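Below: the structure, in structure tokens.
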Amino acid sequence: MKNLDKALEWLKRAKSNLARAKVGKVSEDILYEDLCFDAQQAAEKAFKTICIINDIRFKKAHDISYLIYLLENGNITVPEELQKAKILTDY
68 MKNLDKALEW
78 LKRAKSNLAR
88 AKVGKVSEDI
98 LYEDLCFDAQ
108 QAAEKAFKTI
118 CIINDIRFKK
128 AHDISYLIYL
138 LENGNITVPE
148 ELQKAKILTD
158 Y
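Its first residue numbered 68, the sequence shown is counted upward by one per residue in our numbering.
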């Protein structure tokens with residue numbers, strides 16, 4: 068149950084980051100890089116949620132490729148569509 072609570076907290080934060088990323092460039096004051104950062108954070112936290120649910124340990128890192136690698140090594144298929152999130156690591 069502890070892992071479930073932890074996973075739900077990560078998922079809550081992922082959804083928050085995704086909501087901010089979806090706002091889009093509604094103002095000149097909003098930078099594209101900041102929207103990309105929120106998209107990266109949403110993806111990272113979502114992948115970490117899956118790791119937690121599946122008892123896959125991860126080190127403190129912000130590399131989406133690393134998280135996908137861990138999931139695949141844990142026999143979890145990561146669809147090609149989600150593999151594309153690797154590009155967000157730079158943000």
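Quick reminder that beta carbons are idealized off the backbone N, C-alpha and C, glycines included.
In this text, all values refer to a predicted model and were calculated from it rather than measured experimentally.
In this structure, DSSP gives Glu95 a state outside helix and strand, which the three-state scheme calls coil.
With a cutoff of 8 Å on beta-carbon distance, Ile123 and Leu137 are scored as near each other. CA-CA distance, Asn121 to Leu149, rounds to 18 Å. Counting along the chain, Asp72 sits inside the alpha helix (DSSP H) bounded by residues 69 to 90. The beta carbon of Lys82 sits closer than 8 Å to the beta carbons of Ala109 from its chain, once the five residues preceding and following it are set aside; these are given in chain order. Each residue's CA atom was taken as its position, placing Cys103 and Lys69 some 31 Å apart.
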